[in-house]
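Novice:
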Amino acid sequence: METSTDIHIESARLQKEIINYLGLNDSELVFEFGSQDGKVKLDLITINPRHNQSFLFHSEMGYDKLEALKKMMDYVKNFRERESSYTIQWMTKDDKQLHTSYFRASNILDSLDKLYYGRDRNTITVFSVVLNPVS
1 METSTDIHIE SARLQKEIIN YLGLNDSELV FEFGSQDGKV KLDLITINPR HNQSFLFHSE
61 MGYDKLEALK KMMDYVKNFR ERESSYTIQW MTKDDKQLHT SYFRASNILD SLDKLYYGRD
121 RNTITVFSVV LNPVS
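Residue numbers (the UniProt record's numbering): 1 to 135.
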């Protein structure tokens, strides 16, 4: 007799697998689910403990939560081959300390969108965006 998989157990398993694959702590990743155009949107957000800022890692859409998580797992396993590496130097208006962050994105504008995710663009000054050499 086949038993159906509990959606919550499968969701937790996939989230843990993504966290482990990226080599991060539970406190450094946020799985934010929402809906858009009748589908589930998953935003995977990283939290940098060094400067206590959050950034968008990647977004995926699915018909349900599990499909979005499965697509995210596929992305996580292959993003280094699919996307370019960018280095962004930036500073917040309040902090006044220069920070360096690294993003994988399809182009420079996408890397900046990941930096600005969830915040007012006027709160961060970007000093440089560099496409890193392919290694």
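Note that CB positions come from ideal geometry on N, CA and C, so glycine has one too.
1. Which residue from L42, S101 and S85 puts its Cα closest to that of A68?
2. Under 7 angstroms Cβ to Cβ from T92, same chain only, skipping five residues before and after it: list those, please.
3. Which class does E60 belong to by DSSP, given the choice of helix, strand or coil?
4. Candidates S54, R50, I108 and L112: which alpha carbon is nearest L44's?
5. Straight-line CA distance for S84 to V134?
6. Can you tell me which of the three DSSP states N20 falls into?
7. What are the boundary residues of the beta strand (DSSP E) that includes V126?
8. Within this structure, are the beta carbons of Y75 and K39 separated by less than 8 angstroms?
9. Does DSSP put H8 in a helix, in a strand, or in coil?
10. Quick one, which of D37, Q97 and I18 has its alpha-carbon nearest H51's?
11. Indicate the three-state DSSP secondary structure (helix, strand or coil) for S35 in the structure shown.
12. Can you check DSSP and say which residues form a bridge with Q89?
13. Using the DSSP secondary-structure output, state which residues sit across from K41 in a beta bridge.
Specialist: The structure says:
1. Position 68 of the sequence shown, counting from 1, holds the residue named residue 68. For the residues L42, S101 and S85, the minimum Cα distance to A68 belongs to L42.
2. Numbered from its first residue, the sequence shown carries residue 92 at position 92. Result list for T92: T123 and I124, in chain order.
3. Reading the sequence shown from its first residue, position 60 is the one you call residue 60. Residue state, collapsed to three classes: strand.
4. To locate residue 44, count along the sequence shown from 1; it is residue 44. Answer by Cα proximity: S54.
5. Counting from one through the sequence shown, the residue named residue 84 turns up at place 84. Counting from one through the sequence shown, the residue named residue 134 turns up at place 134. Straight-line Cα distance between these residues: approximately 8 angstroms.
6. What you label residue 20 is simply residue 20 of the sequence shown in a count that begins at 1. Helix.
7. Residue numbering aside, residue 126 sits at position 126 when the sequence shown is read from its first letter. I124 to L131 is the span of the beta strand (DSSP E), which, as asked, contains V126.
8. Reading the sequence shown from its first residue, position 75 is the one you call residue 75. Reading the sequence shown from its first residue, position 39 is the one you call residue 39. Contact: no.
9. To locate residue 8, count along the sequence shown from 1; it is residue 8. Of the three classes helix, strand and coil, the one that applies to H8 here is helix, per DSSP.
10. Within the sequence shown, numbered from 1, the residue matching residue 51 stands at position 51. Nearest C-alpha to H51: Q97.
11. As a first step, residue 35 must be located in the sequence shown, where it is residue number 35. It is a strand residue.
12. Locating residue 89 in the sequence shown gives position 89, counting from the first residue. Looking at the DSSP assignment, Q89 forms a beta bridge with T100 and S128.
13. The residue you call residue 41 lines up with position 41 of the sequence shown. Per DSSP, G34 and M61.
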